[in-house]
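Below: the structure, in structure tokens.
There are 6 protein chains.
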Amino acid sequence: MTDYPISRFPVPELSELPEDIRTRIEAVQEKSGFVPNVFLALAHRPDEFRAFFAGHDALMDKSDGLSKAEREMIVVATSAVNQCSYCVVAHGAILRIRAKNPLIADQLAINPGKADLSERERHIVDFALTMATDSASVTDADMDAMSDRGFTDDEIWDIGAITAFFAMSNRLANLSSMRPNDEFYAMART
Amino acid sequence: MTDYPISRFPVPELSELPEDIRTRIEAVQEKSGFVPNVFLALAHRPDEFRAFFAGHDALMDKSDGLSKAEREMIVVATSAVNQCSYCVVAHGAILRIRAKNPLIADQLAINPGKADLSERERHIVDFALTMATDSASVTDADMDAMSDRGFTDDEIWDIGAITAFFAMSNRLANLSSMRPNDEFYAMART
Amino acid sequence: MTDYPISRFPVPELSELPEDIRTRIEAVQEKSGFVPNVFLALAHRPDEFRAFFAGHDALMDKSDGLSKAEREMIVVATSAVNQCSYCVVAHGAILRIRAKNPLIADQLAINPGKADLSERERHIVDFALTMATDSASVTDADMDAMSDRGFTDDEIWDIGAITAFFAMSNRLANLSSMRPNDEFYAMART
Amino acid sequence: MTDYPISRFPVPELSELPEDIRTRIEAVQEKSGFVPNVFLALAHRPDEFRAFFAGHDALMDKSDGLSKAEREMIVVATSAVNQCSYCVVAHGAILRIRAKNPLIADQLAINPGKADLSERERHIVDFALTMATDSASVTDADMDAMSDRGFTDDEIWDIGAITAFFAMSNRLANLSSMRPNDEFYAMART
Amino acid sequence: MTDYPISRFPVPELSELPEDIRTRIEAVQEKSGFVPNVFLALAHRPDEFRAFFAGHDALMDKSDGLSKAEREMIVVATSAVNQCSYCVVAHGAILRIRAKNPLIADQLAINPGKADLSERERHIVDFALTMATDSASVTDADMDAMSDRGFTDDEIWDIGAITAFFAMSNRLANLSSMRPNDEFYAMART
Amino acid sequence: MTDYPISRFPVPELSELPEDIRTRIEAVQEKSGFVPNVFLALAHRPDEFRAFFAGHDALMDKSDGLSKAEREMIVVATSAVNQCSYCVVAHGAILRIRAKNPLIADQLAINPGKADLSERERHIVDFALTMATDSASVTDADMDAMSDRGFTDDEIWDIGAITAFFAMSNRLANLSSMRPNDEFYAMART
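Residue numbers (this note's numbering), protein chains in the order written: chain Z, 11 to 200; chain B, 11 to 200; chain E, 11 to 200; chain L, 11 to 200; chain S, 11 to 200; chain F, 11 to 200.
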């Protein structure tokens with residue numbers, strides 16, 4: 011639909027890529043119907059690509075403790091603070107699907123304080139936003155407050171670690187002007 | 011020397027760890043004479059540990075383009091902005107060793123604008139600081155300016171990607187109140 | 011679809027409203043198929059309602075100088091800075107229609123610096139953002155720079171005055187937790 | 011006394027203005043002894059002029075709930091945050107008159123936290139300052155706190171709406187470098 | 011006229027003070043017709059009092075290089091940034107006298123960018139504001155720019171040193187809630 | 011070890027200095043084994059030099075109420091916020107000596123919230139940081155809170171006054187690019 015580049019940095023052809031990376035990308039393409047641009051934009055650095063998706067999957071492809079929708083809420087809210095177009099648009103689509111809610115992604119991206127969140131979701135998002143914008147200020151008292159609200163150590167770690175991972179991811183996307191695929195914008199809107 | 015915990019989160023015994031992780035830690039201990047606390051503080055999450063160090067090594071264990079000292083300068087300057095005690099102290103020590111300069115780490119941590127940097131080093135540090143604090147503002151014009159100063163695309167990516175990696179790392183350290191080993195403070199001071 | 015209130019403040023019944031206000035609202039409903047919530051949320055103060063829409067129409071219902079799409083770009087970009095859910099969602103929909111571009115509203119709301127803008131549109135949005143966030147800093151030099159780029163005094167006034175009007179509008183919407191109609195989110199997405 | 015222009019934008023002659031606008035300005039002149047520059051600086055846009063003063067009068071020319079002095083306190087404190095010379099100087103004079111207090115305007119403009127305010131006035135000013143600088147953060151809890159302190163819904167709306175109106179007004183004045191009349195500075199000083 | 015305390019800390023009686031301090035205060039009282047509260051508010055610490063006024067006089071009681079009016083402009087503009095009621099009100103009065111200009115103090119306190127300044131005065135105020143708010147960012151290039159504009163090293167030092175002195179003074183006044191004498195507000199208004 | 015200038019401004023020879031200043035500098039040299047650069051960098055202005063050190067000694071050379079180590083903690087933490095290389099490095103060394111703790115200075119400079127502080131020390135540092143960054147916001151309630159924690163009025167004044175003094179000192183050091191002596195970096199590290 012448009013002719014904009016998907017990255018400021020080199021984007022290799024699929025055929026040039028190492029076997030394991032090409033296989034992973036083809037699997038995503040099969041499942042989604044298109045290749046999300048993050049896979050192509052990171053492929054020029056195979057070792058970093060492998061580490062990135064290993065880290066991503068370790069945090070995002072599970073649903074014990076935090077649900078998958080809750081994990082995506084963290085991504086959308088903190089990526090919006092970092093003004094990361096790729097992550098807000100792409101994970102916004104995934105969040106709409108995971109949460110079965112066509113409004114929640116835009117709400118979180120624009121003003122998390124006005125989003126339709128449960129009390130638990132609000133605590134998750136608030137803690138994530140503090141981790142995103144001023145992690146140095148998180149004290150033992152903040153941790154204790156999260157425990158008092160019923161969060162386990164593993165859940166608290168997940169909130170912080172997902173925020174930390176996307177602090178990296180947002181910067182890589184902003185560095186490369188990584189462009190969200192047009193498909194993401196309209197996905198799961200109704 | 012002190013009895014402070016090294017992390018707010020569980021720290022497993024070496025003997026409990028998966029073989030590959032234990033081996034890696036023992037190798038570091040052999041080389042450094044002690045185990046830097048980051049290895050112990052991340053070990054409770056083996057998959058995340060593996061992804062973290064794979065990402066770290068892909069960016070920090072090489073010296074083509076940016077030298078190892080330049081890479082550590084990025085870490086110290088951007089970690090100081092994020093007020094990450096672990097990264098400033100531990101990588102400050104490594105930077106003093108790499109740069110053979112006992113003053114440069116403190117200078118970068120306190121006020122990078124007053125540090126004894128070459129013009130090239132100053133451009134590296136300035137670009138890294140922008141990536142750390144406002145990556146969304148990096149425009150094509152900023153990229154072109156870096157090219158005009160003689161930086162290759164690979165070098166620009168490295169500056170951005172190291173900053174991005176430590177944006178994650180700083181948040182994990184702040185989340186866990188990861189404590190720098192006492193050994194790092196006095197290392198390579200003369 | 012949801013049961014959330016559209017405002018923290020009283021929302022009168024259409025039948026209770028003064029004739030001129032009821033007529034205006036019914037006209038909008040006829041045209042759009044629904045009543046945008048801003049009309050209902052401001053109706054409890056008839057004099058303020060009349061002044062508000064008189065001001066709105068004076069700035070937004072014309073297309074000499076700035077096009078209608080350009081006017082909506084100013085609204086979406088500056089309302090995003092003010093984290094105004096109502097204005098970003100509702101005017102985002104209008105912008106998609108006016109610009110015949112399903113991507114532009116989200117791009118502007120998330121990171122205007124990465125949006126697909128012409129050079130003229132970029133100057134408009136940049137000037138509007140400065141007016142939104144630090145109007146005190148706008149100097150004669152900034153005005154002259156806009157003139158040099160080909161903007162007339164009337165266009166510069168319009169950019170500033172639309173930004174000023176939505177500085178008010180965003181605060182009223184945030185004050186009242188004005189809720190965007192669900193219809194806006196999915197409008198003109200393809 | 012000085013020869014500085016009162017606006018960066020065109021200032022029409024009184025004789026060129028539409029009848030209703032000229033009449034309004036002449037009435038003010040009769041009452042005050044001079045024409046406050048805001049009337050002249052907005053007159054080049056008659057429709058916007060009419061909407062502006064309709065909105066202004068709806069909020070400022072009444073004294074049920076908030077007193078007129080309290081309304082002016084909101085204007086001075088929030089206009090100081092926006093560094094709006096016109097509004098601080100002109101409404102500072104009006105506030106000194108309304109409050110019969112020659113010190114209060116400067117106190118509020120310089121540091122509202124040190125101004126001689128009653129407890130009720132402090133709550134009004136604090137809520138207004140939050141609305142001026144971070145309206146997105148105002149939550150239901152903030153609203154409830156205001157109710158608990160004895161403010162009615164109408165009073166809370168007035169504080170927010172006056173702040174919102176002057177968020178617009180401050181930007182128009184900053185846009186046009188609207189110059190306060192020299193008369194305002196010394197008015198009601200003793 | 012009011013009964014507000016002039017300091018949160020102890021204010022000694024004149025008769026309790028060491029001879030040299032009492033003499034100094036009586037001299038000021040003779041000259042001004044009243045005792046500016048700063049003399050009383052600092053008197054509880056005689057050694058600090060002596061050092062404070064020695065530093066003050068070394069910077070403010072001379073007119074080679076910077077004129078006395080220019081020195082007071084620095085005080086008013088930087089004290090406004092620090093929201094120091096005492097310094098803005100008291101030195102505002104002195105500035106009106108020194109500059110023979112009844113408008114300049116309020117203009118500088120509200121928005122220095124809109125004040126009626128000569129080009130030289132603007133450079134002085136801009137450099138002072140940077141020193142006040144972000145002295146760490148002042149580079150050799152900034153110093154060279156000041157030299158190019160015709161400022162001597164002694165003048166640059168004076169701008170910086172006056173700003174530095176009032177960074178201290180503003181904090182002492184804010185610490186003690188030092189109250190400006192009512193007399194200052196209306197002084198030299200016409 | 012290096013050839014960097016110690017100040018952007020003139021540095022007089024010892025032999026050119028007034029007797030009292032030369033005597034003071036020689037005494038420091040005798041005691042410390044070297045002349046801290048602050049003495050040389052301020053010497054070009056003898057009256058300001060005398061007032062500066064009179065103020066310094068009145069606040070720092072005593073140990074009633076606040077201990078000498080506590081006073082140095084205030085200096086290091088607030089100078090780090092102001093990114094003052096000279097003060098953090100030089101007073102960091104003094105703090106390590108006074109507190110007999112080789113870690114505390116770096117901890118306070120990087121992230122005071124993670125430093126190994128007693129509860130009393132934490133209150134001191136927190137109050138000092140507020141005074142350094144936003145003194146205008148300190149209210150009677152903050153003062154009362156300090157009293158409730160057991161601090162006397164004299165201790166509260168000392169915390170505020172030391173912070174104020176170094177707000178000045180940091181700006182002078184940043185203005186002059188005052189260079190810390192190399193000796194300070196490695197002092198008292200073990």
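Glycine is no exception: its CB is placed at the ideal position from the N, C-alpha and C atoms.
By the Cβ neighbour-count rule, T162/Z is exposed, with fewer than 16 other Cβ atoms within 10 Å of its own. Annotation: P56/S to E80/S spans about 30 angstroms, alpha carbon to alpha carbon. The criterion of a C-beta distance shorter than 8 angstroms is not satisfied by L185/E and V91/L. A straight-line Cα-Cα distance of about 14 angstroms links A61/S and D71/F.
As for any beta strand (DSSP E) of minimum length 3 sitting wholly inside the stretch 124-191 of chain Z, there is none.
Proximity of N121/L to chain S, defined by a Cβ-Cβ separation below 8 angstroms, is satisfied. Scanning its chain for C-beta atoms nearer than 7 angstroms, with the 5 sequence neighbours on each side dropped, one finds around V99/Z the residues P190, F194, Y195, in chain order. Using a CB distance below 8 angstroms, no part of the stretch 45-56 of chain L faces chain S.
In the structure shown, the three-state DSSP call for E23/L is coil. For S145/B, there are no C-beta contacts with chain E under 8 angstroms, since the nearest C-beta of that chain is about 10 angstroms from it.
Under the DSSP assignment, H66/L falls in the alpha helix (DSSP H) whose first and last residues are 56-70.
Take the alpha-carbon of N47/S and the one of D192/B: they are about 50 angstroms apart. Residue state for V45/B is assigned as coil, using DSSP reduced to three classes. With respect to chain L, the C-beta atom of C97/E has no partner C-beta closer than 8 angstroms.
Here the alpha carbons of K110/F and D136/F stand approximately 22 angstroms from one another. In this structure, I172/E lies near I84/E, with their beta-carbon atoms less than 8 angstroms apart. Listed along the chain, the chain L residues whose CB falls inside 8 angstroms of the CB of T149/F are G123. Contacts between R60/S and chain F, judged by CB atoms closer than 7 angstroms, involve A64 in chain order. In its chain, beyond the 5 residues on either side, T162, D164, E165, D168 have a beta carbon closer than 8 angstroms to the beta carbon of G75/Z. Judged by pairs of C-beta atoms under 8 angstroms, the stretch 174-185 of chain B touches the stretch 93-108 of chain B, as three or more such pairs exist. The continuous alpha helix (DSSP H) containing D116/E extends over residues 114-120. When secondary structure is reduced to three states using DSSP, Y195/F falls in the helix class. Between L24/Z and the set D144/Z, F175/Z, G102/Z, E36/Z, the nearest pair of CA atoms involves E36/Z. Of all residues in the stretch 27-46 of chain B, none has a C-beta nearer than 7 angstroms to a C-beta of chain F. L69/Z has a beta carbon lying within less than 8 angstroms of a beta carbon in chain B.
Contact annotation, A103/L with M197/L: C-beta distance approximately 4 angstroms; criterion of less than 8 angstroms satisfied. Within the same chain, and ignoring the five residues on either side of P112/E in sequence, the residues whose Cβ sits closer than 7 angstroms to its Cβ are R106, A198, R199, T200. Residues of the stretch 166-199 of chain B whose Cβ lies closer than 7 angstroms to any Cβ of chain Z, in chain order: W167, G170, A171, T173, A174, F175, A177, M178, N180, R181, L182, N184, L185.
For the pair K41/S and R34/S, the Cα-to-Cα distance works out to about 11 angstroms. What A90/F touches in chain B, judged by beta-carbon distance under 7 angstroms, is I120, going in chain order. When Cβ-Cβ separations below 8 angstroms define contact, D158/F makes no contact with chain S. In the DSSP assignment, I104/F falls within the alpha helix (DSSP H) that extends over 95-109. At least one CB of chain S lies nearer than 8 angstroms to the CB of F19/F. With contacts defined as CB atoms closer than 8 angstroms, S89/F and N180/F qualify as a contacting pair. Inter-residue distance for F49/L and S17/L is about 11 angstroms (C-alpha atoms, whole angstroms). Nearest CB-CB separation between L113/E and chain Z: below the 8 angstroms threshold.
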